[in-house]
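Chains as they are written, first to last, in the working numbering: chain A, 313 to 479; chain B, 213 to 344.
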């Protein structure tokens, strides 16, 4: 492993650490303001009610939107730095870029895909809520659609990204 | 003491929005506007570098070819600006929910500073790399 590659991995670790810290901050604040949102039996029971009555799903969407947004921003900072190596020398860029094709980085990219999918689709839903005033029930249905699309496209895309490693 | 509500309403309507309200309104619109752009730009970018091209093949020669085309130079420039603007607005809003007072100002200023640096740096990188 070369020095630039090691530096990239250190920076990537910092990005992941920053994401975890942000998740911790959000969880602590959620615990404080919402009075408990852990996966308990009580929560499971509340989630079992009719879809139209599940307004608390919107709160979970809010947390997921924040976490995915912060994760993408953290990666964006690193990504600008690693692409900028191209300006110094194409060889230096290639040297670090090789890491993007490794199995571990491909798994990270699958996570990034899921984050981008959810943040984009949910963001478009929020835009629809603001612009078209679609109302609570349709907004909740849209959230179910956003989640289903994120999981479906996320799994399909992940299989595609990991395919060179799987075959 | 009892001025009619109608008079109060008229004066507030004529007065311009307070600075902080206007700032929030601008921020609100910019966040959604850049978000709409990024829905296309980022998803398109991910599609190209992960699905149309395998990520292992997006090496220096791939960049050299792409930054020789006007479409991708404009795409990457707009994406850089929109992503950083969207990111810094979103992060500042999120941070302001969990901090207050001096700490809020320091963290927000740090985020803005980092983002401006990254934008200038990224713009220079694209400017140097573009061969159109």
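Glycine included, every Cβ here is placed at the ideal spot set by N, Cα and C.
Being a predicted model, the structure only gives us computed values, none of them experimental.
If you drop the 5 nearest sequence neighbours on each side, which residues of the same chain put their C-beta closer than 8 Å to that of residue i?
i                      : result
residue 406 of chain A : none
residue 387 of chain A : 327 and 424
residue 316 of chain A : 397, 404, 407 and 408
If you draw a straight line from the C-alpha of residue i to the C-alpha of residue j, how long is it?
i                      : j                      : result
residue 341 of chain A : residue 402 of chain A : 44 Å
residue 446 of chain A : residue 458 of chain A : 15 Å
residue 336 of chain A : residue 438 of chain A : 24 Å
residue 226 of chain B : residue 232 of chain B : Legend: pLDDT at residue 226 of chain B = 48, less than 50; position of this residue unreliable, value from coordinates given subsequently. Cα to Cα, residue 226 of chain B sits roughly 17 Å from residue 232 of chain B.
residue 470 of chain A : residue 422 of chain A : 5 Å
residue 299 of chain B : residue 313 of chain A : 32 Å
residue 378 of chain A : residue 440 of chain A : 18 Å
residue 380 of chain A : residue 258 of chain B : 16 Å
residue 315 of chain B : residue 417 of chain A : 34 Å
residue 313 of chain B : residue 254 of chain B : 34 Å
Cutting at 7 Å between CB atoms, please list the residues of its own chain near residue i, excluding the five before and the five after it.
i                      : result
residue 369 of chain A : 452 and 455
residue 415 of chain A : 477
residue 303 of chain B : 323
residue 284 of chain B : 278
Considering only the alpha carbon of each residue, which of the options lies closest to residue i?
i                      : options                       : result
residue 311 of chain B : A/338, A/382, A/428 and A/394 : A/338
residue 329 of chain A : A/383, A/419 and A/319        : A/383
residue 429 of chain A : A/395, A/334, A/416 and A/468 : A/468
residue 287 of chain B : B/256, B/243, B/325 and B/306 : B/256
residue 385 of chain A : A/427, A/371, A/361 and A/354 : A/427
residue 342 of chain B : A/466, A/398 and A/389        : A/398
residue 345 of chain A : B/309, B/319, B/344 and B/323 : B/309
residue 333 of chain A : B/307, B/320 and B/317        : B/307
residue 240 of chain B : A/449, A/473, A/324 and A/442 : A/442
residue 393 of chain A : A/355, A/361, A/321 and A/373 : A/321
Between residue i and the rest of its own chain, which residues show a CB-CB distance below 6 Å, the 5 nearest in sequence each way excluded?
i                      : result
residue 327 of chain B : 296 and 300
Any 3 or more C-beta pairs closer than 8 Å across the region 287-303 of chain B and the region 329-344 of chain B: Yes, they touch.
Is it a yes or a no for the region 328-335 of chain B touching the region 273-281 of chain B, going by three-plus beta-carbon pairs under 8 Å? Flag = no, the region 328-335 of chain B and the region 273-281 of chain B do not touch.
Counting pairs of Cβ atoms below 8 Å between the region 468-479 of chain A and the region 433-446 of chain A, do you hit three or more? Counting Cβ pairs under 8 Å, fewer than three are found: no touch.
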